[in-house]
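Below you'll find the structure, written out as structure tokens, and then a few comments.
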Amino acid sequence: MKILVTGSTGFIGGALVRRLVGMGHTVRAFHRASSTTALLDGLLVEHAIGDLTRPETLAPAMAGIEVVFHAAAQLGRQNELDKMLAITVGGTQAVMEAAFKAGVRRVVHTSSVAALGVPDSGPARVQAPPGRVRLDEAHTWNYTAKGWPYGYAKYQAEMMVQKAVAGGLDVVIVNPSLVFGAGDIYRIHSSVVVMGARRRIPVSVPGGANAVALEDVVDGHLAALERGRTGERYILGGEDLSFLDLLRMIAQVAGVSGPTRVLPLWLVRGLAAGARLSQSFIHLPIDAQTLNLAGYTFFYNLAKTQRELGLPAPRPVRQALEEAYTWFKAQGAFS
-5 MKILVTGSTG
5 FIGGALVRRL
15 VGMGHTVRAF
25 HRASSTTALL
35 DGLLVEHAIG
45 DLTRPETLAP
55 AMAGIEVVFH
65 AAAQLGRQNE
75 LDKMLAITVG
85 GTQAVMEAAF
95 KAGVRRVVHT
105 SSVAALGVPD
115 SGPARVQAPP
125 GRVRLDEAHT
135 WNYTAKGWPY
145 GYAKYQAEMM
155 VQKAVAGGLD
165 VVIVNPSLVF
175 GAGDIYRIHS
185 SVVVMGARRR
195 IPVSVPGGAN
205 AVALEDVVDG
215 HLAALERGRT
225 GERYILGGED
235 LSFLDLLRMI
245 AQVAGVSGPT
255 RVLPLWLVRG
265 LAAGARLSQS
275 FIHLPIDAQT
285 LNLAGYTFFY
295 NLAKTQRELG
305 LPAPRPVRQA
315 LEEAYTWFKA
325 QGAFS
């Protein structure tokens, strides 16, 4: 099968390329000329140089392609909403239009659980136990664009996907949770794994998140390609963990002491306000956006994904953290 992967030099996109090449598919890797291609080194792939903000570069990249994995998106800080919308949303629209014109058979769109918004119960005032609230694919965006620009951009990108589906394009959406594993190349110095291992996060915030192994996310993409229903979302998740338990697990993997205290929510909100004022000129280990979302439990119901995509039980998060830590260490993150 001839497959195009956007975001091919990134964390998820690079892992997809490696798996697809290993399966014997012909892979065309779409990326900017300036992109770091370390994750593609040694792989037999065709490079398609282009930019999501230049739609004219997508047409030649789509020529002869049967399937597209659209894994490209813009990461960034809270003050970069316009940039995220231009690349994540505008880029998704351009990919969908190019795929339709090229007669692509199916597109798998990499979204995020962030596109589902926040739990309707609101942030807890104490550390929430795992399982209190679990969002599913039917949950809709319910937060502010400026408060969570990444989530808002992902939600708006899904609107572009649904528009394309209504126009006749076969697209399936996957929504990974917090992904860990080897190859997070754009976060070598900012990953929570690196910061936790370097003991730069001495306390936890209240709340929690679902964490998933990178290889499970790749499995989910492939299953969505084969068994996903057009226009449907599928959450790709693993374990529900409190933020404190996640940070402790990272510390155990790194062989260092982890945090023992959870800050009260009122204090975290005050820190978020201070971070918003200082993040433009001071590098902080946790940005204002992350602090703003403290207190919520981002846990997810995986029943639909397991039922319709037939995925096995997820890998242990600790195993994914070990793989991430080993990879970051090899990249000199702790030198």
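Each residue of the sequence shown is one higher than the last, beginning at -5 in our numbering.
Ideal Cβ placement from N, Cα and C applies to all residues, glycine included.
Note that the coordinates shown come from a computational prediction; the quantities given were computed from them, not determined experimentally.
Start-end ranges of the beta strand (DSSP E) lying completely within the stretch 172 to 202, minimum 3 residues: 172 to 174
Outcome for valine 197 when other beta-carbon atoms lying within 10 angstroms are tallied against a minimum of 16: exposed
Rounded C-alpha distance that separates methionine 189 from asparagine 169: 25 Å
Where the beta strand (DSSP E) containing alanine 23 begins and where it ends: 20 to 25
Alpha-carbon spacing of serine 329 relative to valine 39, whole angstroms: 32 Å
Bounding residues of the beta strand (DSSP E) (the contiguous stretch that carries proline 113): Note, proline 113: premise wrong, no beta strand (DSSP E); not H, not E.
Contact between the stretch 317 to 324 and the stretch 299 to 307 (3+ Cβ pairs under 8 Å): no
Cross-strand partners of asparagine 204 (DSSP beta bridge): Asp234
Reference tyrosine 137; option with closest CA among Leu34, Gln156, Pro113: Pro113
For isoleucine -3 and threonine 337, believed in contact at Cβ under 8 Å, the rounded distance: This structure gives no information on residue 337, because the portion of the chain shown stretches from -5 to 329.
Whether leucine 238 touches alanine 205 by CB criterion (8 Å): no
DSSP-derived helix/strand/coil call for alanine 42: strand
Stretch-stretch touch, CB-based, cutoff 8 Å, three pairs: the stretch 289 to 299 with the stretch 226 to 234: yes
Cα-Cα separation, phenylalanine 275 to glycine 289: With a pLDDT of 35 at phenylalanine 275, under the threshold of 50, the modelled position of that residue is not reliable, and no figure is offered here.
Arginine 22, buried or exposed, once every other Cβ within 10 Å from all chains shown has been counted against 16: buried
Exposure of proline 54, with buried meaning 16 or more beta-carbon neighbours within 10 Å: exposed
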